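Take any residue in the sequence shown, note its place counting from 1, add 18, and you have its number in this note's numbering.
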Amino acid sequence: MLIKNKERYTGREITSEKDYMRRRDFLKLSAWTLTAPALAPVRLFASDEDKNKYTALNAVRNKAMSIGEKPNSWTEITTYNNFYEFGTDKSAPSRNSRAFKPRPWSVAIDGLCDKPGHYQLEDLIPAKKLEERVYSLRCVEAWSMVIPWIGVPLKNILLKAQPRSTARFVEFTSVYRPSEMPGQRAHILDWPYMEGLRLDEALHPLTFLAVGVYGRVLPNQNGAPLRLVVPWKYGFKSIKSIVRIRFTDTMPVSTWQRLAPGEYGFYANVNPEVDHPRWSQRRERRIGTFFKRETQLFNGYADEVGALYKNLDLEKWY
Ligand SMILES: Nc1nc2c(c(=O)[nH]1)N[C@H]1C(S)=C(S)[C@@H](COP(=O)(O)O)O[C@H]1N2
Ligand SMILES: [Mo]
Numbered sequence: 019m020l021i022k023n024k025e026r027y028t029g030r031e032i033t034s035e036k037d038y039m040r041r042r043d044f045l046k047l048s049a050w051t052l053t054a055p056a057l058a059p060v061r062l063f064a065s066d067e068d069k070n071k072y073t074a075l076n077a078v079r080n081k082a083m084s085i086g087e088k089p090n091s092w093t094e095i096t097t098y099n100n101f102y103e104f105g106t107d108k109s110a111p112s113r114n115s116r117a118f119k120p121r122p123w124s125v126a127i128d129g130l131c132d133k134p135g136h137y138q139l140e141d142l143i144p145a146k147k148l149e150e151r152v153y154s155l156r157c158v159e160a161w162s163m164v165i166p167w168i169g170v171p172l173k174n175i176l177l178k179a180q181p182r183s184t185a186r187f188v189e190f191t192s193v194y195r196p197s198e199m200p201g202q203r204a205h206i207l208d209w210p211y212m213e214g215l216r217l218d219e220a221l222h223p224l225t226f227l228a229v230g231v232y233g234r235v236l237p238n239q240n241g242a243p244l245r246l247v248v249p250w251k252y253g254f255k256s257i258k259s260i261v262r263i264r265f266t267d268t269m270p271v272s273t274w275q276r277l278a279p280g281e282y283g284f285y286a287n288v289n290p291e292v293d294h295p296r297w298s299q300r301r302e303r304r305i306g307t308f309f310k311r312e313t314q315l316f317n318g319y320a321d322e323v324g325a326l327y328k329n330l331d332l333e334k335w336y
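1. Is it the case that the Cβ atoms of P243 and W123 are separated by a distance below 7 Å?
2. Which same chain residues, not among the five before or five after R264, have their C-beta less than 6 Å away from its C-beta?
3. Please confirm whether K71 has its beta-carbon closer than 7 Å to some beta-carbon of chain D.
4. Measure how close the beta-carbons of E213 and S272 come, nearest whole angstrom, since I'm counting them as under 8 Å.
5. What would DSSP say about P55, mapped onto helix, strand or coil?
6. Could you tell me if the beta carbon of V158 falls within a distance shorter than 6 Å of some heavy atom in ligand 2?
7. State the beta-bridge partners of R156 as determined by DSSP.
8. Out of curiosity, what's the CA-to-CA distance linking A325 and K146?
9. May I ask you to report which of helix, strand or coil DSSP gives N99?
10. Which residue marks the beginning of the beta strand (DSSP E) containing E189, and which one marks its end?
11. Given 6 Å as the limit, tell me if F190 has its C-beta closer than that to any heavy atom belonging to ligand 4.
12. Mind checking which residues open and close the beta strand (DSSP E) that includes E302?
13. Mind checking whether the beta-carbon of Y211 lies closer than 6 Å to any heavy atom of ligand 1?
14. For E1, does the count of other Cβ atoms within 10 angstroms reach 16, so buried, or fall short, so exposed?
15. In angstroms, rounded to a whole number, what distance separates the CA positions of I206 and A110?
16. Any heavy atom of ligand 1 within a distance shorter than 6 Å of the CB on F101?
17. Confirm the yes/no value for this check: CB of G253, any heavy atom of ligand 2, distance under 6 Å.
18. Measuring only the C-alpha atoms, how far is F254 from D208?
19. With three or more C-beta pairs closer than 8 Å as the rule, is the region 137–151 touching the region 284–304?
20. Which same chain residues end up closer than 7 Å to K251 when comparing Cβ atoms and leaving out the 5 residues on each side of it in sequence?
21. Just reading off the alpha helix (DSSP H) that A228 is part of, what are its end residues?
22. Taking just the CA atoms, how far does C131 sit from R42?
23. Near Y282, which residues of its chain fall below 6 Å by C-beta distance, leaving aside the five closest residues on each side in sequence?
24. With a CB to CB cut of under 6 Å and the five nearest residues on each side skipped, what residues in its chain are close to V164?
25. On the three-pair Cβ rule with 8 Å, is the region 78–85 touching the region 173–188?
26. Please indicate yes or no: does the CB of N238 lie closer than 6 Å to some heavy atom of ligand 1?
27. So, with DSSP's three-state summary, where would you put K46?
28. What are the residues that DSSP puts in a beta bridge with I127?
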């Protein structure tokens, strides 16, 4: 199911239509896509030294906003990914994203706000203002990782646009660039990938916009050049390669919700009490460890975010 007339941004040239592909074009291409993984150069050995190929970023760790656990390795964080624009295997994004060009990049901020605009990434998130936060990312598939992100609180960016009092939600859109994203040449998901937050969730001090990881700029497979991180929600809320942020008065429909509304809700708060219809959410496997651990309500942030949901039935609003 493809929404017709939906605006699609390439990130590079927000107002241009020349890069847009019509549905029939990518249907044609999808046959080719089937052979693409075999043609892609195979990476035999990934190593933590690969990190040194990425530009370094300066950031001071925000200890108060970080968990005390040891981060997963660079290799784990950059070779075990969900990013369906580059394929559905966990290893596909690291293999298939090398042709993606995350710079230059612009982001549109629009909708119900007084200062809408198109920003160059460097203007939106100045390199001097970055901080590091160690969060765990709990995927809906019942695995998790500990990741040292670098970025800024989303709130700082949103307030620049001066949201109106009528704005109640924020909708996020990922880049649509099938020429560089082999997964987008097939109809795996309803492209572009979309997500949403309630405005109060988006303004929460824990909600983070990451531009780096492990002291380096984000590798393509992790959502270069900027991606959301919402540590008390399942990983699919943490939308990658964002080109548009829109204030709205109606609840956005996320890509996963549209695909399977019985399985993925708008809120997607980490909750061991509410199972996914096909598997339990009670426990999770931390990548790189053998024993499973108990999943925590709101991924451990019940004290910080519980108040946002005090009048909400979490079974119904999963
Ligand atoms: N655009 C886009 N964003 C995405 C996804 C995706 O397929 N496309 N996958 C999501 C899922 S399911 C998870 S678990 C996280 C994984 O982030 P990581 O690869 O940095 O660990 O990205 C999320 N953001
Ligand atoms: Mo996920």
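C-beta: ideal position from N, C-alpha, C; glycine also. Computed from a predicted structure; not experimentally measured.
According to the data block:
1. For P243 and W123, yes; Cβs fall inside 7 Å.
2. By the criterion of a C-beta distance shorter than 6 Å, R264 is surrounded in its chain by D128, G129 and E189, once the five residues flanking it on both sides are discounted.
3. Within the model displayed, chain D is absent; a lone protein chain is all it includes.
4. Contact between E213 and S272 holds: CB atoms are separated by about 5 Å, below the 8 Å threshold.
5. Residue confidence for P55 is low, a pLDDT of 39 falling below 50, so the modelled location carries little weight; the figure read from the coordinates is stated next. Helix.
6. Under cutoff, so the answer is yes.
7. For R156, the pairing in a beta bridge is given by DSSP as S162.
8. Roughly 33 Å separates the two Cα atoms.
9. If DSSP states are grouped into helix, strand and coil, N99 belongs with coil.
10. Counting along the chain, the beta strand (DSSP E) containing E189 begins and ends at F187 to S192.
11. With respect to ligand 4, the structure shown offers nothing to examine, as its ligands consist of ligand 1 and ligand 2.
12. Start and end: R301 to R304.
13. It does: the Cβ of Y211 is within 6 Å (strictly closer) of some heavy atom of ligand 1.
14. Since the first residue of the chain shown is 19 and the last is 336, residue 1 is not available in this structure.
15. Computed Cα separation, rounded: 14 Å.
16. Annotation for F101 indicates a beta carbon within 6 Å of some heavy atom of ligand 1.
17. Yes, ligand 2 has a heavy atom inside 6 Å of this Cβ.
18. Distance between the alpha carbons of F254 and D208 is about 14 Å.
19. Counting C-beta pairs with one atom in each stretch, the region 284–304 and the region 137–151 have fewer than three that are closer than 8 Å, which means they do not touch.
20. Setting aside the 5 residues that flank it on each side, K251 is surrounded in the same chain by A286, N287 and V288, each with a C-beta closer than 7 Å to its C-beta; the list follows chain order.
21. A228: not part of any alpha helix (DSSP H); member of the beta strand (DSSP E) spanning F226 to V231, first to last residue.
22. Note that R42 scores a pLDDT of 35, beneath 50, so its modelled location is shaky and nothing firm can be said.
23. Cβ neighbours of Y282 beyond the five flanking positions: W274 and Q275.
24. A distance below 6 Å between beta-carbons, with the five flanking residues on each side excluded, links V164 to the following residues of its chain, in chain order: E87, P89, N90 and S154.
25. These segments do not touch.
26. N238 has its Cβ no nearer than 6 Å to any heavy atom of ligand 1.
27. Confidence is the limiting factor: at K46 the pLDDT is only 38, short of 50, which leaves the residue's position unreliable, though a coordinate-based value still follows. Helix, per DSSP.
28. Beta-bridge pairing links I127 to G135 and I263.
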